[in-house]
Amino acid sequence: MTESPQPLKEDLAIEIEQNVTVSKNHIVDPEMPSEPEGNGAKNPNINIDTSVSDHGPNHTTSDGSPPKWGIHEDLEHLQEDDMILAATLVIDAKEGRNFTFKTDPTYVRSYNLYHKFYLRYLLYFMILFNLSLALFERPAKSGWEIPYWASMLLETMCLAFFIYRFLHSAYFSQREVFFRDTKNWLILVVIVLVIGRVIAGDPQLIMFCSSVPQLLTFIDMICYVIWDNVTHSTRPIRWSRPLRPLFLINFPDGKQIRRAFRNIRRTVPEIMNVLILFLLSVLLFALLALKLFSRRDLVYANGDPYFETYLDSIWDLYVLVTTANSPDVMMPAYDSSNWFALFFIFYIVICWLIFMSIVLAAIYYSYRKNLKNEIKAAVYGKRRKLAQAFDILKVPHGGRQVVTYTVWCELMKRVIPNRSRSHIDLLIRVLDIDGSNMIRKQQFLKLADLLELQLSEVKDRQTFLEQKVPVIYNSFISRIVKLVVRHKAFRYFFDFMIFVNAWFIGFDLDEADWFFLGIFMLEIVLKLYTFGPREFFRVFWNVFDFVVIGAAVIASAIETIEDSTYEEFQLLDYLLVLRVLRLFKIFGSIKRFKVILQTIINIGPSIITYGGVILVFYYIFAIIGMEIFQNLIHYYDYYKEDSPPFCGNSALNGTQFYKFHYCNNNFNDLLRSLVVLVELTVVNQWHVLASGFVAVTSKVARLYFFCFHMCCVIIVLNIFIAFILEAFILEYTIQKVGKLESYVEQKIRDLGLGIGQTGPRQRQLSAANDNSELVPNEELNIVEQPDSDSDTESIPDLSVEKGLRFHLKKKSRKKVEVLLQQMFEGEIDPEDEGPENETEIYVDKGPRRLTLDTVA
1 MTESPQPLKE
11 DLAIEIEQNV
21 TVSKNHIVDP
31 EMPSEPEGNG
41 AKNPNINIDT
51 SVSDHGPNHT
61 TSDGSPPKWG
71 IHEDLEHLQE
81 DDMILAATLV
91 IDAKEGRNFT
101 FKTDPTYVRS
111 YNLYHKFYLR
121 YLLYFMILFN
131 LSLALFERPA
141 KSGWEIPYWA
151 SMLLETMCLA
161 FFIYRFLHSA
171 YFSQREVFFR
181 DTKNWLILVV
191 IVLVIGRVIA
201 GDPQLIMFCS
211 SVPQLLTFID
221 MICYVIWDNV
231 THSTRPIRWS
241 RPLRPLFLIN
251 FPDGKQIRRA
261 FRNIRRTVPE
271 IMNVLILFLL
281 SVLLFALLAL
291 KLFSRRDLVY
301 ANGDPYFETY
311 LDSIWDLYVL
321 VTTANSPDVM
331 MPAYDSSNWF
341 ALFFIFYIVI
351 CWLIFMSIVL
361 AAIYYSYRKN
371 LKNEIKAAVY
381 GKRRKLAQAF
391 DILKVPHGGR
401 QVVTYTVWCE
411 LMKRVIPNRS
421 RSHIDLLIRV
431 LDIDGSNMIR
441 KQQFLKLADL
451 LELQLSEVKD
461 RQTFLEQKVP
471 VIYNSFISRI
481 VKLVVRHKAF
491 RYFFDFMIFV
501 NAWFIGFDLD
511 EADWFFLGIF
521 MLEIVLKLYT
531 FGPREFFRVF
541 WNVFDFVVIG
551 AAVIASAIET
561 IEDSTYEEFQ
571 LLDYLLVLRV
581 LRLFKIFGSI
591 KRFKVILQTI
601 INIGPSIITY
611 GGVILVFYYI
621 FAIIGMEIFQ
631 NLIHYYDYYK
641 EDSPPFCGNS
651 ALNGTQFYKF
661 HYCNNNFNDL
671 LRSLVVLVEL
681 TVVNQWHVLA
691 SGFVAVTSKV
701 ARLYFFCFHM
711 CCVIIVLNIF
721 IAFILEAFIL
731 EYTIQKVGKL
741 ESYVEQKIRD
751 LGLGIGQTGP
761 RQRQLSAAND
771 NSELVPNEEL
781 NIVEQPDSDS
791 DTESIPDLSV
801 EKGLRFHLKK
811 KSRKKVEVLL
821 QQMFEGEIDP
831 EDEGPENETE
841 IYVDKGPRRL
851 TLDTVA
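Just so you know, the sequence shown maps onto residues 1 to 856 in UniProt numbering.
Set out below in structure tokens:
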């Protein structure tokens with residue numbers, strides 16, 4: 001039953017009204033830098049006029065009665081539930097959520113409960129736990145297998161939570177939007193028939209269809225139990241296990257992975273014409289090879305027939321595209337006649353050099369287009385959420401619709417609770433363009449960008465020691481120590497010591513190990529003292545040093561106390577060698593290498609996303625491979641006389657698989673299966689691996705390896721390569737064009753409220769270059785210093801900052817998606833909310849005319 005709307009709490013409203021009155025001369029922070037007169041910038045003092053009300057002092061309610069005592073007149077048009085809904089929409093825009101939910105109070109509260117962090121992390125745990133069950137199910141590693149009823153009980157527990165999560169999301173979702181569309185019914189039928197289609201689609205489709213794998217899993221469990229207990233002559237199969245990774249994609253919490261799969265789904269149809277032409281070329285060349293070589297009685301070096309059948313010809317030439325069997329596949333024909341080399345050269349040039357390059361180009365073009373569409377959808381989705389919130393909060397004032405200061409404070413108390421009034425006042429100051437303490441719609445649409453920026457107070461920037469013992473930490477000697485640690489010479493000295501330590505390790509001079517450990521421990525202690533634990537552990541190389549040196553100290557202590565053997569002592573060498581990897585940081589100071597290293601750092605989160613995508617494919621193929629090839633190949637010691645020969649299967653006698661000692665590459669448990677799939681992805685000798693499983697089954701097994709290579713190597717890995725290309729091109733372009741700032745970042749810099757700024761930014765136009773920018777009041781050693789990527793200088797000295805300050809990221813530290821969103825927002829109208837139908841974003845309308853810009 002829908003709850004009745006509740007008015008805003010009177011005590012809270014009274015507090016807001018009193019604060020508005022008191023803040024007549026309110027100052028955001030007494031230590032905030034003042035601004036020079038005449039530069040066009042607003043004074044940081046926020047003066048809240050009591051006349052902010054949009055309706056005047058004699059305002060009455062809609063029924064003609066005066067407003068209730070204690071309720072501020074700016075809040076008369078709002079109920080408590082309205083503020084909760086508006087706050088929810090703002091948080092959705094900030095978090096990038098794209099839900100369409102019912103706006104009744106009961107459903108809004110249910111929606112907020114759905115996004116509680118503990119339910120989200122519990123979902124992640126259940127998904128990973130459900131995937132890990134394959135480690136203990138038949139087939140499993142020796143000693144790991146558990147009874148099937150135990151694994152089913154645990155899986156039922158996971159499914160119960162998945163069903164709860166699905167019903168919870170279906171409760172507050174606007175399902176009529178989904179059911180009103182006829183094509184969604186058709187897609188639903190396809191999903192039921194072809195379960196793999198579940199990985200595609202939008203949030204409504206995903207929430208509706210996430211129950212399909214659950215239903216099929218329950219049916220599979222019942223069939224498996226009946227099969228296992230009725231007949232023992234055949235091995236029962238759990239055909240629903242490959243569906244488990246789909247839970248990772250179905251739920252809206254896996255936004256990034258779902259987006260990557262959506263990109264794959266949209267890319268495949270666009271490159272299908274290229275793949276079809278490529279496969280037809282392989283079929284044509286296979287037919288030519290069959291006619292050229294089948295009747296010449298040629299054999300491979302191992303005695304196998306040479307292009308004996310059409311299917312064998314297709315397989316051998318397809319493997320040749322991966323270069324795994326080159327030049328082995330050519331040598332029998334080449335030995336027969338040197339002219340036959342021309343056939344293979346033409347084939348390699350056409351199918352490998354040309355078609356594989358075209359496949360990569362087509363995938364890159366499709367990926368780039370889909371990435372832009374995803375960015376458009378994300379930007380428009382964020383703006384629609386904020387526009388919806390603005391429509392709830394707005395009041396008319398001076399012919400405009402605005403959000404007043406009182407409403408703003410009420411909203412921020414729900415969006416960012418436990419924040420001070422100065423914090424809230426500073427946020428409105430960034431969005432307020434005319435000093436009226438009101439926000440227009442165009443500026444309100446920038447709220448999500450503003451909330452994503454870190455804003456800290458003095459106490460937030462103080463280290464632990466500065467808070468506990470400020471006298472000692474701020475003493476003269478302490479300031480000297482901190483100055484030394486922040487200096488370049490400090491880093492150069494320890495980089496040199498790392499190089500010397502590597503030289504000692506290279507020549508087995510172990511006597512100085514404790515000296516170097518002491519030096520490196522001193523470095524860590526000094527950094528912890530200077531920067532504090534919070535800032536210290538934010539830098540990757542500091543965490544790396546702490547883990548490696550800490551482990552080395554523990555290993556050395558154990559070795560000294562217990563007098564360990566040489567093999568145990570080698571652990572210390574390994575740890576100290578890892579420390580040498582820190583020398584790669586030096587390359588970050590060299591301009592030619594900086595773009596490359598920065599690209600590698602920026603794509604780190606996306607690598608995790610694509611790692612999850614590859615894991616889904618690996619898991620599906622691993623489970624299928626286990627069901628097909630389990631216990632057909634076993635590993636035994638090759639040099640023990642009593643070990644069974646030929647990997648425990650006589651069918652492998654005389655095969656290359658056994659001669660190369662590949663017996664440990666099998667599908668007898670999940671971990672070994674994943675290793676086999678990684679080896680197949682690398683493609684070296686992948687045809688030899690496939691030949692072993694073909695020998696113990698039949699040539700039909702080649703379909704399994706062909707499908708894996710086509711899906712994971714040609715499509716998924718090429719999409720990953722396309723992402724790397726786009727990330728590098730974007731990073732390189734940004735390094736050349738200079739600054740790329742959002743509206744919010746520009747406003748913060750203009751006001752002088754960023755970390756490292758001593759005052760407001762002054763803009764001047766040069767006669768020679770109208771785009772040049774003078775920033776005399778910014779500290780370039782923090783903002784744009786080329787050498788600021790070191791593990792010491794990348795941490796600004798926050799102790800000198802006063803008042804509230806924004807932490808603005810350098811352009812090189814932003815995620816690729818954030819940079820693309822900023823670039824796209826600069827191309828559209830400030831209040832453009834996109835098309836009403838989101839699917840229109842993905843329609844390729846094409847350029848109106850051919851120009852260099854449209855080609856690039």
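All C-beta atoms in this analysis are idealised placements derived from N, C-alpha and C, irrespective of residue type, glycine included.
This one's a predicted model, so the numbers in the text were calculated from it and none came from an experiment.
Cβ neighbour criterion (16 or more within 10 Å) applied to residue i
i           : result
residue 626 : buried
residue 363 : buried
residue 536 : buried
residue 511 : exposed
residue 641 : exposed
residue 687 : buried
residue 383 : buried
residue 446 : buried
residue 598 : buried
Selection from the options that minimises the alpha carbon distance to residue i
i           : options            : result
residue 649 : 420, 681, 634, 704 : 634
residue 614 : 557, 653, 681, 667 : 681
residue 335 : 360, 524, 297      : 297
residue 437 : 421, 408, 415      : 408
residue 242 : 468, 129, 624      : 624
residue 478 : 529, 503, 521      : 529
residue 522 : 128, 674, 497      : 497
residue 541 : 601, 95, 608, 506  : 601
residue 321 : 551, 398, 350      : 350
residue 153 : 139, 167, 164, 133 : 133
residue 287 : 325, 375, 312, 163 : 312
residue 76  : 237, 359, 396, 169 : 396
N-terminal and C-terminal residue of the beta strand (DSSP E) that residue i is part of
i           : result
residue 174 : Premise fails: residue 174 is in no beta strand (DSSP E) and is neither H nor E.
residue 402 : 400 to 404
residue 395 : 395 to 397
residue 519 : Unbroken run through residue 519 is the alpha helix (DSSP H), 513 to 536; no beta strand (DSSP E).
residue 438 : 438 to 440
Residue i to residue j span [Cα, whole Å]
i           : j           : result
residue 410 : residue 448 : 17 Å
residue 442 : residue 432 : 11 Å
residue 149 : residue 247 : 22 Å
residue 308 : residue 684 : 24 Å
residue 265 : residue 406 : 47 Å
residue 440 : residue 117 : 32 Å
residue 310 : residue 720 : 34 Å
residue 323 : residue 716 : 19 Å
residue 300 : residue 619 : 35 Å
residue 369 : residue 95  : 24 Å
residue 327 : residue 144 : 43 Å
Residues near residue i in its chain [Cβ-Cβ closer than 7 Å; skip 5 each side]
i           : result
residue 112 : 88
residue 621 : 677, 708
residue 85  : 103, 108, 392
Enclosing alpha helix (DSSP H) for residue i [first to last residue]
i           : result
residue 88  : 80 to 95
residue 331 : 331 to 336
residue 608 : 604 to 629
residue 272 : 255 to 293
residue 687 : 686 to 696
residue 859 : The requested residue 859 does not occur in the structure, where the chain is confined to residues 1 to 856.
residue 143 : Per DSSP, residue 143 belongs to no alpha helix (DSSP H) and is neither H nor E.
Check: residue i C-beta below 6 Å from any heavy atom of the ligand ATP
i           : result
residue 486 : Here there are no bound small molecules, and the ligand ATP is not part of this structure.
Own chain, CB closer than 8 Å to residue i, minus 5 neighbours either side, in chain order
i           : result
residue 860 : This structure leaves residue 860 out entirely; the chain is present only between 1 and 856.
residue 701 : 628, 629, 690, 693, 694
residue 314 : 282, 283, 286
Residue i at chain D interface by Cβ criterion, 7 Å
i           : result
residue 250 : Absence of chain D from the displayed structure is noted, only one protein chain being present.
Contact set for residue i: own chain, Cβ-Cβ below 6 Å, skip 5 residues either direction
i           : result
residue 146 : 136
residue 355 : 278
residue 636 : 643, 644
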